[in-house]
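Read through the structure below, which is laid out as structure tokens, and then see the notes.
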Amino acid sequence: MGEREEKTAYRKKMDARLKEWTAEINKLEAKAEEAGADAEIKYRDQLSELRSKRDALQEKVNHMQEQSGEVWEEVKAGVESAWGDLKNSIDRARNRMR
Numbered sequence: 001m002g003e004r005e006e007k008t009a010y011r012k013k014m015d016a017r018l019k020e021w022t023a024e025i026n027k028l029e030a031k032a033e034e035a036g037a038d039a040e041i042k043y044r045d046q047l048s049e050l051r052s053k054r055d056a057l058q059e060k061v062n063h064m065q066e067q068s069g070e071v072w073e074e075v076k077a078g079v080e081s082a083w084g085d086l087k088n089s090i091d092r093a094r095n096r097m098r
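First residue of the sequence shown? That's 1 in UniProt numbering, and the numbers climb one at a time after it.
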């Protein structure tokens, strides 16, 4: 697989993951709203942080397409790190809202 194909496949994979996490964030937001005003207020900052992390990850994914060679690998490593951070944050939020 050439570099271009690898980038395209990776981009599709990350876009699919981002859609999944956006749906998960939306579910958490709905759960907080259903729990009442106090819960919604309690989790508002946490949900905002999740959205910010998701948006930052989306920017990194968008930026990847413009890179090549070693720079692409560095940006990819940054995307993987941001992905892990977002996943952990969503898992923590999910556990707190149970």
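Every residue, glycine too, gets a C-beta built ideally from N, C-alpha and C.
Discussion item. So the candidates are I41, E66, L57; which of them puts its Cα closest to the Cα of R4?
Written reply: Among I41, E66, L57, the Cα nearest to that of R4 belongs to E66.
Item to complete: Report the option in L57, K12, I25 whose CA atom is closest to the CA atom of R92.
Response: Comparing Cα-Cα distances from R92 to each of L57, K12, I25, the minimum goes to I25.
Practice prompt. Give the single residue among E73, H63, E49 whose Cα lies nearest to the Cα of L87.
Written response: For the sequence presented, residue 87 should be read as Lys rather than Leu. Just measuring C-alpha positions, the residue of E73, H63, E49 sitting nearest K87 is E49.
Discussion item. Give me the residue from D55, A9, E74 with the minimum Cα distance to D85.
Written reply: Ranking the options by Cα distance to D85, first place goes to D55.
Worksheet item: With DSSP run on the structure shown, which of helix, strand or coil describes G84?
Response: In the structure shown, G84 falls within a helical segment according to DSSP collapsed to helix, strand and coil.
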